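K.L.:
Can you read through this structure? Questions will come right after.
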Amino acid sequence: GDLVFPDHAHFDRDAHLIRWFDHHLKGIENGAMADPPVKYYVMGDVTDPNAPGNEWRTAQAWPVPAKNTSYYLNPNGELSEKIPREKESATSYQYDPKNPVKTIGGANLFARKGPSDQRAIGERKDVLKFVTAPLEAPVEVTGPLTVELWVSSDCPDTDFMAKLIDVYPDGTERLVQDNGLRARFREGFDHEVMMKKGEVYKLKLDLWSTSLIFNKGHRIAVHVTSSNDPRFDPNPNTGKPLRADNEMRVATNTIHHDQAHPSRILLPVVEVYENKAVSAR
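Dropping the structure here:
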């Protein structure tokens, strides 16, 4: 992507595989069986030479021990560990499948990939942004990521997308992980259940895993929308089988964030680097 990590971030996959084959096929005692079963790279702020992270680590199992911490979507675009106090609170937007949000970075196969700056999308009204205050200390997030959204729509089917973003002090919005879910599959991919207009549903989005230390002064953000084209095929919002016809509907989609519907992201927080002298390895 747009970030340049230190040279040691490169993983020599061929050397790793050859070492394994040398042991198992040639009988060479090279210590391959003594290697820890998990090896992962902890990303960090590449603009700050004193930032923690940007190092390889090993572990005996995955995920590594972490505190699953809730960051709640609150009114006025706030993201915090405080659960919403409002009895009723929601944010709505219109998703037009003829004008989808364009894919900017991410886990793409052929298109531009990686931690691209999401500001390139622009100030679209169909992209909701929830952001923490600047971090007073670095926060390490290592492990699986889950987003729980309480949603409603005026269409029988639509999509919901969530992105985890590392906001740098200069405002750059670096994509960390993202994923989406077609609402009709909210109860499982083996059957379809359409939505009823105005009814609120809980969606669980799997954002896979990461290992990143959000540096001091950075902000953690979650972006929510209903399209990410072409990574995800735009949902026509009709509820009909995919490609059944050319009909498209504009959906009014709503994200609920109140006491009864606490939309949130669950982050596996490994450590908060408070009052510690840290430096990049």
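Numbering of the sequence shown is given in the working numbering, commencing with residue 4 and proceeding in unit increments. Cβ atoms here follow ideal geometry from the backbone N, Cα and C, with glycine treated the same way. As the structure is a prediction and not an experimental result, all values here were calculated from the model.
(1) Measure the C-alpha to C-alpha separation of aspartate 160 and serine 266 and round it to an integer number of angstroms.
(2) Under 7 Å, do serine 152 and leucine 210 count as touching if we go by C-beta distance?
(3) Thinking just about the alpha-carbon of each residue, which of Pro141, His11, Met251 and Arg88 is nearest to the one in asparagine 53?
(4) Are the CB atoms of leucine 131 and threonine 94 nearer to each other than 7 Å?
(5) Ends of the beta strand (DSSP E) at tryptophan 59?
(6) Alpha helix (DSSP H) containing histidine 26: first to last residue?
(7) Would you check if the segment 168-176 and the segment 218-232 touch, i.e. whether three or more CB-CB distances between them fall below 8 Å?
(8) Here's a check: name, in chain order, each residue in its chain whose Cβ is nearer than 8 Å to the Cβ of glutamine 97, leaving out the five neighbours to either side.
(9) Closest to arginine 187 by C-alpha separation, out of Pro244, Asn57 and Arg222, would be which residue?
(10) Thinking C-alpha only, which one of Pro100, Gly109 and Thr213 is nearest glycine 56?
(11) Closest by CA to valine 134, which one among Gly146, Asn79 and Gly183?
(12) Please list the segments of the beta strand (DSSP E) lying wholly inside the segment 95-140, counting only runs of 3 or more residues, in order along the chain.
(13) Secondary structure at phenylalanine 192, three-state DSSP: helix, strand or coil?
(14) Leucine 148: buried (16+ other C-beta within 10 angstroms of its C-beta) or exposed?
(15) With distance defined between alpha-carbon atoms, name the residue in Arg16, Gly191 and Gly108 nearest to aspartate 181.
(16) Methionine 46 by DSSP, collapsed to three states: which one?
(17) Does DSSP put isoleucine 268 in a helix, a strand or coil?
(18) Beta-carbon separation of leucine 208 and serine 119 under 7 Å?
(19) Quick one: what does DSSP say alanine 165 is sitting in, helix, strand or coil?
(20) With a threshold of 16 other CB atoms inside 10 Å of the CB of lysine 101, please say whether the residue is buried or exposed.
(21) Output yes or no for whether 7 Å exceeds the beta carbon distance between methionine 2 and asparagine 238.
(22) Taking its Cβ as the centre, do 16 or more other Cβ atoms sit within 10 Å of methionine 36, making it buried, or is it exposed?
(23) Round the Cβ separation of histidine 260 and leucine 76 to the nearest angstrom and send it over; I've been treating them as touching at under 8 Å.
(24) Mind checking glycine 183: buried by the 16 CB within 10 Å criterion, or exposed?
(25) Which partner residues of isoleucine 223 appear in the DSSP bridge assignment?
(26) Grab the span of the beta strand (DSSP E) containing asparagine 238 for me, first residue to last.
(27) Can you tell me where the beta strand (DSSP E) holding glutamine 180 begins and where it ends?
(28) With a threshold of 8 Å on Cβ separation, who are the neighbours of glutamate 84 within its own chain once the five nearest residues in sequence on each side are excluded?
(29) What span of residues does the beta strand (DSSP E) with tyrosine 204 cover, start to end?
(30) In or out: leucine 167 buried (at least 16 other Cβ within 10 Å) or exposed?
P.N.:
Walking through what the data contain:
(1) Aspartate 160 and serine 266 have their C-alpha atoms some 20 Å from each other.
(2) It is worth fixing the name first, because residue 152 is leucine in this sequence and not serine. Contact flag unset, no.
(3) With distances taken between Cα atoms, asparagine 53 lies closest to Pro141.
(4) It is a contact, given that the beta carbons lie within the stated cut-off.
(5) In the DSSP assignment, tryptophan 59 falls within the unbroken beta strand (DSSP E) covering 58-62.
(6) It spans 16-29 - the alpha helix (DSSP H) in which histidine 26 sits, taken as one unbroken run.
(7) They touch, by the three-pair rule.
(8) Contacts found: Lys128, Asp129, Val253, Ala254, Thr255 and Asn256.
(9) Taking only the C-alpha atoms, the option nearest arginine 187 is Pro244.
(10) Of Pro100, Gly109 and Thr213, the residue nearest in Cα terms is Thr213.
(11) When each option's Cα is compared against that of valine 134, the closest is Asn79.
(12) Whole beta strand (DSSP E) segments, 3+ residues: 131-134.
(13) Coil, per DSSP.
(14) So leucine 148 ends up on the buried side.
(15) Looking only at Arg16, Gly191 and Gly108, the smallest Cα-Cα distance to aspartate 181 is reached by Gly108.
(16) Of the three classes helix, strand and coil, the one that applies to methionine 46 here is strand, per DSSP.
(17) DSSP places isoleucine 268 in strand when its eight states are reduced to three.
(18) It is not a contact, given that the beta carbons lie outside the stated cut-off.
(19) Collapsing the DSSP output to three states places alanine 165 in a strand.
(20) When all chains shown are included, lysine 101 counts as exposed.
(21) As displayed, the chain neither begins before 4 nor continues past 284, which places residue 2 out of reach and without an answer.
(22) With fewer than 16 Cβ atoms within 10 Å of its Cβ, methionine 36 is classed as exposed.
(23) With a beta-carbon spacing of about 4 Å, histidine 260 and leucine 76 fall inside the 8 Å limit used to define contacts.
(24) Glycine 183 is buried by the Cβ-count criterion.
(25) BP columns for isoleucine 223 point to Asp169.
(26) Counting along the chain, asparagine 238 falls outside any beta strand (DSSP E), and DSSP gives it neither H nor E.
(27) Taken as a continuous stretch (DSSP letters only), the beta strand (DSSP E) holding glutamine 180 covers 176-185.
(28) Closer than 8 Å at Cβ, skipping near neighbours: Thr72, Ser73, Tyr74 and Tyr75.
(29) That run of the beta strand (DSSP E) goes 204-217.
(30) It counts as buried.
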